[in-house]
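K.L.:
Residue numbers (the numbering used here): 49 to 319.
All C-beta atoms, glycine included, are put in the ideal place defined by N, C-alpha and C.
Since this is a predicted model, take the numbers as computed values, not measurements.
The structure follows.
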DNA sequence: AATCGCGCCTGACGGC
DNA sequence: TGCCGTCAGGCGCGAT
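Here is the structure:
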């Protein structure tokens, strides 16, 4: 399931191949994604050039003057570069066919992903407008989290997963970062002090950077643009490890449901 | 204003 | 073996 590291892995994988390439055409085989793929999209993209591939939160942004193609991978989506002549498989919903004979192929079994086109600055798009800071950027730190969390009564884990507070921290990395920082995921966000938020912000950066380094986390279906899985799964400290010993104190890892999400923590060393 | 709960969708998995 | 019910999971949205 693509979280920020998986999307960044995808961006890094495709950028060298697609940057500067001319789009021959867009082939839409299945427009029924989370939102319908705009019918006008093929006309807008044909014969245009991809200038840049960037990322905001979990959105991939392809700069294609005069606009921007915005892609979200949902939770089962992946983008791969394949020969345009390769026969598409069942969940290969669209192909961005490039001038060099390859195509960028979007595969998404659950169809929670989406594709958007905007000719305004992408930051103004309704889906991006309200997003919080990038966790790996300077604008994100413990002081920001501390300020944002005052008087919040919700648990810190769903607080972290709220993209208005910080983007890109999904279910896996929220559990991981809270373990690294020694914070109980169920603790009220408003009852955590400034210093602990500084530790938490550092833990988020550490976990995300390490996950990007490992090529993301593959649980079931995430594949990078070259078709290889991510290897961060082997580095996960608590996620998916209920009953196993905590890597820090050896007490058992617990599985709870918090905000309707599976949440893993150590019964002893997170407070 | 903050928070909760729903629904989208498929594949995996467990029970029988 | 095969069928069927259940569930995860990102995230926007409507309800509270």
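With a CB to CB cut of under 6 Å and the five nearest residues on each side skipped, what residues in its chain are close to residue 157?
P.N.:
Sequence index remark: in the first chain, residue 157 carries index 109 (1-based). Excluding sequence neighbours, residue 157 sits near 124, 139.
K.L.:
Does the beta-carbon of residue 51 have 16 or more other beta-carbons within 10 angstroms, so that it is buried, or is it exposed?
P.N.:
Locating residue 51 in the first chain gives position 3, where the first residue counts as 1. With 16 or more Cβ atoms within 10 Å of its Cβ, residue 51 is classed as buried.
K.L.:
Is it buried or exposed, residue 343, if we count other Cβ atoms within 10 angstroms and call 16 or more buried?
P.N.:
A query on residue 343 cannot be resolved here, the shown segment of the chain reaching from 49 to 319 and no further.
K.L.:
Going by beta carbon distance, what residues of the same chain come within less than 6 Å of residue 119, once the five residues before and after it are set aside?
P.N.:
Residue 119 sits at position 71 when you count from the first residue of the first chain. Excluding sequence neighbours, residue 119 sits near 108, 163.
K.L.:
Between the alpha carbons of residue 7 and residue 166, how many angstroms are there, rounded?
P.N.:
Here the chain has residues from 49 to 319 only, and residue 7 is not among them.
K.L.:
So, is residue 151 buried or exposed, given that buried needs 16 or more other C-beta atoms within 10 angstroms?
P.N.:
Counted from its first residue, the first chain places residue 151 at position 103. Buried, since its Cβ has 16 or more Cβ neighbours within 10 Å.
K.L.:
Does the beta-carbon of residue 325 have 16 or more other beta-carbons within 10 angstroms, so that it is buried, or is it exposed?
P.N.:
Coverage of the chain is limited to positions 49 through 319, which leaves residue 325 absent and any answer about it impossible.
K.L.:
By the three-class DSSP mapping on this structure, what secondary structure does residue 67 have?
P.N.:
Mapped onto the first chain, residue 67 falls at position 19. Residue state, collapsed to three classes: coil.
K.L.:
Under 8 Å by Cβ, that's how I've got residue 260 and residue 57 pegged, so tell me the actual separation to the nearest angstrom.
P.N.:
Counting from one through the first chain, the residue named residue 260 turns up at place 212. Counting from one through the first chain, the residue named residue 57 turns up at place 9. Sure, about 6 Å apart at Cβ, within 8 Å.
K.L.:
Is DSSP giving residue 192 helix, strand or coil here?
P.N.:
The residue given as residue 192 occupies position 144 in the first chain. Of the three classes helix, strand and coil, the one that applies to residue 192 here is helix, per DSSP.
K.L.:
Quick check: what's the CA-CA separation for residue 189 versus residue 255?
P.N.:
Walking along the first chain from the start, residue 189 turns up at place 141. Walking along the first chain from the start, residue 255 turns up at place 207. Rounded to the nearest angstrom, the two C-alpha atoms are 14 Å apart.
K.L.:
Using the Cα positions of residue 224 and residue 168, report the straight-line distance between them to the nearest angstrom.
P.N.:
Taking the first residue of the first chain as position 1, residue 224 is located at position 176. Taking the first residue of the first chain as position 1, residue 168 is located at position 120. Whole-angstrom Cα-Cα distance: 36 Å.
K.L.:
Using a threshold of 8 Å, state whether the C-beta atoms of residue 320 and residue 121 are closer than that.
P.N.:
Here the chain has residues from 49 to 319 only, and residue 320 is not among them.
K.L.:
Using the Cα positions of residue 285 and residue 113, report the straight-line distance between them to the nearest angstrom.
P.N.:
In the first chain, counting from the first residue as 1, residue 285 sits at position 237. In the first chain, counting from the first residue as 1, residue 113 sits at position 65. Whole-angstrom Cα-Cα distance: 43 Å.
K.L.:
Just the Cα atoms here: how many angstroms apart are residue 147 and residue 72?
P.N.:
Here residue 147 is taken as the residue at index 99 of the first chain, counted from 1. Here residue 72 is taken as the residue at index 24 of the first chain, counted from 1. So the alpha carbons of these two residues sit roughly 6 Å apart.
K.L.:
Quick check: the Cα distance between residue 281 and residue 310, rounded to an integer number of angstroms?
P.N.:
Within the first chain, the letter at position 233 stands for residue 281. Within the first chain, the letter at position 262 stands for residue 310. Approximately 16 Å between the Cα atoms of the pair.
K.L.:
Taking a contact to mean a Cβ-Cβ separation below 8 Å, would you say residue 330 touches residue 296 in this structure?
P.N.:
Here the chain comprises residues numbered 49 to 319, so residue 330 is not present and cannot be evaluated.
K.L.:
By Cβ distance below 7 Å, which residues in the same chain neighbour residue 287 in space, the five residues on each side in sequence not counted?
P.N.:
Here the question's residue 287 lines up with position 239 in the first chain. Hits under 7 Å: 220, 223, 224, 312.
K.L.:
In this structure, does DSSP put residue 135 in helix, strand or coil?
P.N.:
Residue 135 sits at position 87 when you count from the first residue of the first chain. In the structure shown, residue 135 sits in coil (DSSP, three-state: anything other than H, G, I, E or B).
K.L.:
For residue 69, which of 204, 91, 144, 103 has the nearest alpha-carbon?
P.N.:
As a working note, residue 69 is residue 21 in the first chain. For residue 69, the nearest C-alpha among the options comes from 144.
K.L.:
Does the separation of the CB atoms of residue 207 and residue 237 fall below 8 Å?
P.N.:
Your numbering for residue 207 matches position 159 in the first chain. Your numbering for residue 237 matches position 189 in the first chain. A contact, by the Cβ cut-off of 8 Å.
K.L.:
Who pairs with residue 236 in a beta bridge, going by DSSP?
P.N.:
The residue given as residue 236 occupies position 188 in the first chain. According to DSSP, which records beta bridges pairwise, residue 236 is partnered with 203.
K.L.:
Cβ atoms of residue 110 and residue 101: under 8 Å apart, would you say?
P.N.:
Working through the first chain from its first residue, we reach residue 101 at position 53. Working through the first chain from its first residue, we reach residue 110 at position 62. Yes. Within cutoff.
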